[in-house]
Structure formats: C-alpha cells, structure tokens
Amino acid sequence: MQPLLFAALAAGVAIPAFGMSLRYRRDLNAARARLAAVDRHVISTRWGAVEYAERGSGDPVLVVHGIFHNCVGGLLSVRNFSDRRFIAPSRFGYLGSNMPLDATPAHQADALVALLDALGIDQIDVIGESAGATSALQLGLRHPERVKHLAVLVGNLPGSPTAVVQPSLAKLFNRQLPLWVLRTFAPSMMVRLVAALPKGFAMSREDTRFVIEFIDSLFPVSPEGVDFDAFVSNADVNDYNLEAINVPTLIIHTKDDQLASHEASERAAKRIPGARFVSLESGGHLMLGQTKKIRDELADFFAERRDRRAEPVAS
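For reference, each letter of the sequence shown is one residue, going 3 to 317 in the numbering used here.
#1: Quick one: Cα of P69 to Cα of V196, how far?
#2: Starting from the N-terminal side, write out each stretch of the alpha helix (DSSP H) that is 4 residues or longer and does not extend beyond the segment 38-82.
#3: Quick one, are the C-beta atoms of A262 and G130 less than 8 angstroms apart?
#4: Need the endpoints of the alpha helix (DSSP H) that P163 sits in, please.
#5: Under three-state DSSP, which class holds R326?
#6: Within the segment 80-167, note down every full beta strand (DSSP E) run reaching 3 residues or more, in order along the chain.
#7: The beta strand (DSSP E) spanning F279 covers which residue range?
#8: Candidates E215, F94, N236 and D119: which alpha carbon is nearest P163's?
#9: Tell me the DSSP secondary structure of E299 in three-state form.
#10: Classify D124: buried if its beta carbon has 16 or more other beta carbons within 10 angstroms, exposed otherwise.
#11: Identify every residue that forms a DSSP beta bridge with L252.
#12: Can you name, in chain order, every residue of its own chain whose Cβ lies under 6 angstroms from the Cβ of A90, other than the five neighbours on each side?
#13: Under DSSP, the alpha helix (DSSP H) around L288 begins and ends at which residues?
#14: Could you round the C-beta distance between S284 and G291 to whole angstroms and report it? I think they count as a contact, below 8 angstroms.
#15: Going along the chain, which residues of its own chain have a beta-carbon closer than 6 angstroms to the beta-carbon of G161, five neighbours each way excluded?
Below, the structure written as structure tokens:
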C-alpha cells in the first residue's frame, strides 16, 4: 500500500510541475518572438556592443528606458506619439547591450553619445524614463552640446525612494523565474508593483490592456542590467550637481506614483536652472490616463527654440 501512496504523491507533484514548466517555456518563447518581431541593431563602441531600435520619421528623439526594460520597451513607452523618429537604446546589460567592467551612468551617457555619432546625429531631444533618468541626466551634464531638450518622466531623482542601493536580497527576486511566477500566479500583485498605483485606482479597459502589454515586455529579464540599476545606477543620482545642468529641462511626475517620488522630482526641478515641472494628479508610475497631456507637454517643450549652445560641464 505504501509504494502506491508514494507513487500517487509523486505523481501529484510531478504533473503540476511539468505543466508549469511547459507554461514557463511557452511564455518565454512568446517573449522571444515579440522581440524578434522588432528590428534591432547593434553598434560596436569602446564600452562594447550597444543595441538600439527605432521607429518613425522626423526629428529624432532618444528614449532612455527604465529598469527591467530594453530598447523594445523604450519604443512601447512612446507608442502613442507620432511625427518623430524615436531611437531607443538598450542600456548597459539589457538585451543585446554589453555590461562593461567599469560600468557607470556617466559611461552609459558616453555610450549614448557613441550611438548618436554612429547614427550621424549632432543634437537630439532626450526622454529619460524612471531609472533611465540617471543616464539621461548624465548626458545633459557631460554632453550638453548634444542635447536639444531633456525631458524626465517619473524619474529616479535625488531623494527618491528608488535612489538607493537595494539590499542584496533583491537579487533573489529580480530574476526571471520569480517575476514570471508573480506575473502568472499573482497578476494583481504584479500590476500593483509595476504600475505603482494607489489602492482604489480604477483602470480603464485601455489602461488594463497597456499594463498587460507593459508587463509582457519585461520578459525576457536581463539580470545584469537590473543589477546595474538596483545596485549602482539608481543611487548614483544623489551625487549629481543638478545646478550645473545647462540644457532646457522638463520634469513630469504623477502625484500618486507609489514607486518614484513626486516630491523628489519637484525638488530636482527647482535645482535645475530654468527647468519646468509638470505635476499630474494621477496615473501612478506608468502615468495611466495621461497620454494626451504628456504628448502635448512634450510636443510644446520640444518645439521651443534653444537660444544658446551649452558648454560641457563635468559631473
């Protein structure tokens, strides 16, 4: 009787585990297929390979993605914008971009300039999103002559809860399998973590569709890039001399963002000479329901004429 009982118990464990393994492989194959559908390119720099994707035509805009994302996610974040050529690189350690041994946000900014050189672009409008704000700020500090306008959206800025070195325990959770388990078996929790919405926020059907697409776009996970943000890049922003930024700057943040700090963004805007701060009432970290407002603000900001060329300032 005992052998039969053990066999039944083993089958009861093995069958669900096998099914979960099949589902995991299926979902990752779907994620890889989504990536394969996007035309990505790689250039060689002194910091190794730098990958990028682009969409559209017109005046170029550089989109610097946030944590867990990549060049494809960068393009997704500007999905409702048109009439511009959006260029989205994968930052250090994400997808096809290498992680140099001496990786810093300053070197990431230099690598972005190498990309602009390879594409023959002298000056460009820049959007830094969430954790990507750190590298975007470094671009403005180190290479202001290359930046027409700098926009920071729900950014990781000095004093924000995101601008810290994460505990080493985070490495156990910032990986593909734990995130996949969370996405698959606790989707509402995954939505709360990613969208960083307050309790009671009512998502529209369009919001829900976008959040699901956004979460799917986080896979496959790039552990090297995530660790760079969590343990190096995010906290680095606290030491930046924001008063030395000499490019037109716009900072946009939602009041109910439960991840990055609205107050930190407001303080940063006061430190950057001539910076404009736009406060949005709601939308969380993904700025849900604010697409038109953000699109209009960016269009007006990028249309402003820059009357002076900034000189490089060491960070």
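For every residue, glycine included, the Cβ atom is placed at its ideal position computed from N, Cα and C.
Looking at the atomic coordinates:
#1: Note that residue 69 corresponds to Ile in the displayed sequence, not to Pro. One C-alpha to the other measures close to 10 angstroms.
#2: 73-79
#3: no
#4: Segment: none, P163 is in no alpha helix (DSSP H) and carries neither H nor E.
#5: Since the first and last residues shown for the chain are 3 and 317, residue 326 lies out of range.
#6: 87-91, 126-131 and 149-155
#7: R278 to L282
#8: N236
#9: helix
#10: exposed
#11: A153 and R278
#12: A55, V65, C73, G76 and L77
#13: Premise fails: L288 is in no alpha helix (DSSP H) and is neither H nor E.
#14: 7 angstroms
#15: A266
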